[in-house]
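Reading through the structure tokens given below for one structure.
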């Protein structure tokens, strides 16, 4: 008799049916809120880095040629750049709020369990700050286009 054979008269165990793997939810990344916050955190970080790089370069120009610096700054005074500034503020704000969420996940014992709720909380805070902020940031451009009161 082999070592694997049952020694009692009990029937052989029945094979357990394997269930089909769950289909991914949403995207190729199989992510939900946590994955999208991860992606947005990286994108907003890179955008902020490139802004800071350009800002250091154009500010350094003031030491080389103040006249050239003034010309560069004048090119920034248009509606397209104003929209980019609003996008920059949105990116920095999301990156900062999500960074606080990541800190809470890492250092708070309830953080991993509440990460989804914290993400939705920062989305609400982000919208509450960005809507009036974007209006007041774009107000000057709106006045240029449509006239002031």
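In my numbering, the protein residues as written are 81 to 229. Even for Gly, the Cβ is constructed at its ideal location relative to N, Cα and C.
Rounded to the nearest angstrom, the gap between the Cα atoms of residue 196 and residue 114 is 7 Å. The criterion of a C-beta distance shorter than 8 Å is satisfied by residue 177 and residue 205. The C-alpha of residue 119 lies about 24 Å from the C-alpha of residue 135. In this model, residue 152 and residue 142 are separated by some 10 Å (Cα to Cα). Under the three-state reduction of DSSP, residue 125 is assigned to helix. Boundaries of the alpha helix (DSSP H) harbouring residue 148: 146-155, taken from the DSSP string. Taking 8 Å as the cut-off, the Cβ atoms of residue 214 and residue 166 count as close.
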